[in-house]
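Student:
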Amino acid sequence: MTAETTDAAESPTRIRLGIAYDGTHFNGWARQPGLRTVQGVLEEALHTLFRRHEPAPTLTVAGRTDAGVHAIGQVAHVDLTAAQANSLLRPRKPRNAADDADAAAALRRRLTGILGPADSDVIVTGAQLAEPGFDARFSALWRRYEYRVADAAAPKNPLHRFSTVWHPTTLDVDAMDAAAGTLLGLHDFAAYCKPREGATTIRTLQEFGWARDGDGVLVARLQADAFCHSMVRALVGACVAVGEGRLDGDDLVLLRDVGTRTSAFKVMPAKGLTLMEVGYPHGAELAARAEQTRARRVL
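According to our numbering, numbering within the sequence shown proceeds without interruption in unit steps and concludes at 303.
Printed below as a string of structure tokens:
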């Protein structure tokens, strides 16, 4: 066996995973000792699957969500050793040739079986062999979220009580939408972020708007290159204060430019927030994007 063949056999197989979850009973994405988290549940399933081929692989995620936040478009990647990838492709009885066509499809099927497809609150929605240069976190171009608020003018649907915040008064959606638009662009959003030591709060807010859906529920749609801790819920809370008439539309920019946390509005509850989608470039641009993202943001 040549050196090139040996390197190819031992190089990891990177698999891109699509993940959806109901965040109600999770303490967020990130693994925490003694607490149930999305990463913890998925990595426990990976440990079960590869208990004969240790060490168990770990997940790299596009964006860590807080406790109670939901996702239908989360993305993560996992690196499998050659032994782990090969173990997924060993013939099984009864053999499903379609599912075992590659390691990614086999991994999704096996994880689904461990997680429990009938009533699991976390689901692997897709799996594919990652393109060269793909990194779930650093290759991402943007993350898109939605936040749902049922105010006094909207019906209160008990089936949506874990994904929609109920608000007691009627909100001015037009004023909220106009105020949201003033925050777009590259800025320091420290006023809307929970500080973390050593973390930058400079972000490019690419989209932020409000509208009522067909049922009358207010839906905020936000997209940015990345969001810092609690940023979406703070931005939503500031807009709700505008919708209530407690803040003027221009106040949101003034608060942002002060650059410090404020008590002028309340950060909204986690349950109304859902990660909808993560966007990535294609082909050779994946590695270049990852390198660019690793560089610290500056204004």
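Every residue gets a Cβ at the ideal spot worked out from N, C-alpha and C, and that includes glycine.
Note that the structure is predicted; figures quoted are calculated from it, not measured.
Using the three-state DSSP reduction, which class does HIS51 fall into: helix, strand or coil?
Tutor: As a position in the sequence shown, residue 51 is number 47, starting the count at 1. Three-state result, HIS51: helix.
Student: Are the beta-carbon atoms of PRO61 and LEU46 separated by less than 8 Å?
Tutor: Numbered from 1 along the sequence shown, position 57 holds the residue referred to as residue 61. Numbered from 1 along the sequence shown, position 42 holds the residue referred to as residue 46. Taking 8 Å as the Cβ cut-off, PRO61 and LEU46 do not qualify as a contacting pair.
Student: Around the Cβ of SER15, are there at least 16 other Cβ atoms within 10 angstroms (buried) or fewer (exposed)?
Tutor: As a first step, residue 15 must be located in the sequence shown, where it is residue number 11. By the neighbour-count rule (16 or more Cβ atoms within 10 Å), SER15 is not buried but exposed.
Student: Closer than 6 Å by C-beta to LEU239: which residues in its own chain qualify, once you throw out the five before and the five after it? Chain order, please.
Tutor: Along the sequence shown, read from residue 1 onward, the residue named residue 239 stands at position 235. If we look at LEU239 and ignore the five residues flanking it on each side, its Cβ neighbours are TYR196.
Student: Have a look at ASP181 and LEU279 and give me their C-alpha separation to the nearest angstrom.
Tutor: Locating residue 181 in the sequence shown gives position 177, counting from the first residue. Locating residue 279 in the sequence shown gives position 275, counting from the first residue. Cα to Cα, the separation comes out at about 20 Å.
Student: For SER143, count the other beta carbons within 10 Å of its own beta carbon; 16 or more makes it buried, fewer makes it exposed. Which is it?
Tutor: For the purposes of this step, residue 143 is taken as residue 139 along the sequence shown, with counting starting at 1. With 16 or more Cβ atoms within 10 Å of its Cβ, SER143 is classed as buried.
Student: Whose CA, out of ALA87, VAL65 and PHE231, lies closest to the CA of ALA194?
Tutor: Along the sequence shown, one-based indexing puts residue 194 at 190. If we check each option's Cα against that of ALA194, PHE231 comes out closest.
Student: Can you tell me which of THR85, THR116, VAL126 and GLN132 puts its alpha carbon nearest to the alpha carbon of ALA105?
Tutor: For the purposes of this step, residue 105 is taken as residue 101 along the sequence shown, with counting starting at 1. Comparing Cα positions, the closest option is GLN132.
Student: Counting pairs of beta carbons, one from the region 220-231 and one from the region 148-165, are three or more of them closer than 8 Å?
Tutor: Segments in contact, yes.
Student: Would you kindly work out how many angstroms separate the C-alpha atoms of GLU289 and VAL282, rounded to a whole number?
Tutor: For this step, residue 289 is matched to residue 285 along the sequence shown. For this step, residue 282 is matched to residue 278 along the sequence shown. Their Cα atoms are separated by approximately 16 Å.
Student: Per DSSP, what kind of secondary structure is LEU133 in: helix, strand or coil?
Tutor: Numbered from its first residue, the sequence shown carries residue 133 at position 129. Strand, per DSSP.
Student: Along the chain, where does the beta strand (DSSP E) containing THR266 start, and where does it finish?
Tutor: The residue labelled residue 266 in the question sits at position 262 within the sequence shown. Neither: THR266 is in no beta strand (DSSP E) and is coded neither H nor E.
Student: Residue range of the beta strand (DSSP E) that ASP125 falls in?
Tutor: The sequence position of residue 125 within the sequence shown is 121, counting from 1. Element bounds for ASP125: n/a, residue is neither H nor E.
Student: Taking the continuous beta strand (DSSP E) assigned at MET280, which residues delimit it?
Tutor: Locating residue 280 in the sequence shown gives position 276, counting from the first residue. Note, MET280: beta strand (DSSP E), 277-283.
Student: Which whole runs of the alpha helix (DSSP H) in the region 188-256 are 4 residues long or more, in chain order?
Tutor: Whole alpha helix (DSSP H) segments, 4+ residues: 235-248.
Student: Can you tell me which of the three DSSP states LEU259 falls into?
Tutor: For the purposes of this step, residue 259 is taken as residue 255 along the sequence shown, with counting starting at 1. DSSP places LEU259 in helix when its eight states are reduced to three.
Student: Give the DSSP bridge partners of GLU150, in chain order.
Tutor: Here residue 150 refers to the residue found at position 146 of the sequence shown. According to DSSP, GLU150 bridges with ARG225 and THR278.
Student: Taking its Cβ as the centre, do 16 or more other Cβ atoms sit within 10 Å of GLY44, making it buried, or is it exposed?
Tutor: Indexing the sequence shown from 1 puts residue 44 at position 40. Looking at its Cβ environment, which holds 16 or more other Cβ atoms inside 10 Å, GLY44 is buried.
Student: In chain order, what residues of the same chain have a beta carbon less than 7 Å from the beta carbon of PRO236, not counting five sequence neighbours either side?
Tutor: Here residue 236 corresponds to residue number 232 of the sequence shown, with the count starting at 1. Before going on, a small fix: residue 236 reads as Val here, not Pro. Excluding sequence neighbours, VAL236 sits near TYR149, TYR151, LEU226 and LEU277.
Student: If distances are taken between C-alpha atoms only, which option among VAL244, LEU21 and VAL79 comes closest to THR173?
Tutor: The sequence position of residue 173 within the sequence shown is 169, counting from 1. Measuring from the Cα of THR173, the nearest candidate turns out to be VAL244.
Student: With DSSP collapsed to three states, give me the class of THR297.
Tutor: The residue given as residue 297 occupies position 293 in the sequence shown. Helix, per DSSP.
Student: Of all Cβ atoms in chain C, is any one closer than 8 Å to the Cβ of ALA131?
Tutor: Looking at the structure shown, chain C is missing, and only one protein chain is on hand.
Student: So, are the CB atoms of GLY241 and LYS270 less than 8 Å apart?
Tutor: In the sequence shown, the residue the question calls residue 241 occupies position 237. In the sequence shown, the residue the question calls residue 270 occupies position 266. In contact: GLY241 and LYS270 (Cβ atoms closer than 8 Å).
Student: Got a sec? Which residues, its chain only, sit under 7 Å from LEU111 by beta carbon, not counting five neighbours each side?
Tutor: Looking up residue 111 in the sequence shown gives position 107. Closer than 7 Å at Cβ, skipping near neighbours: ILE19, LEU92 and ALA131.
Student: Let me know if GLY38 comes out buried or exposed under the rule of 16 or more other beta-carbons within 10 Å of its beta-carbon.
Tutor: Here residue 38 refers to the residue found at position 34 of the sequence shown. By the 10 Å Cβ count, GLY38 comes out exposed.
Student: Answer with buried or exposed for HIS286, where buried requires no fewer than 16 other C-beta atoms within 10 angstroms of its C-beta.
Tutor: Taking the first residue of the sequence shown as 1, we reach residue 286 at position 282. When all chains shown are included, HIS286 counts as exposed.
Student: DSSP three-state call for ASP103: helix, strand or coil?
Tutor: Position 99 of the sequence shown, counted from the start, is the residue given in the question as residue 103. Unreliable placement is indicated for ASP103, whose pLDDT of 47 sits below 50; the coordinate value is still reported in the next sentence. If DSSP states are grouped into helix, strand and coil, ASP103 belongs with the helices.
Student: Please tell me whether HIS57 and ALA134 are closer than 8 Å, where the distance is taken between their beta carbons.
Tutor: Counting from one through the sequence shown, the residue named residue 57 turns up at place 53. Counting from one through the sequence shown, the residue named residue 134 turns up at place 130. Going by C-beta atoms, HIS57 is not nearer than 8 Å to ALA134.
Student: With DSSP as the reference, please indicate the residues paired to THR343 in a beta bridge.
Tutor: Lying outside 5 to 303, the shown extent of the chain, residue 343 is not represented and no answer is given.
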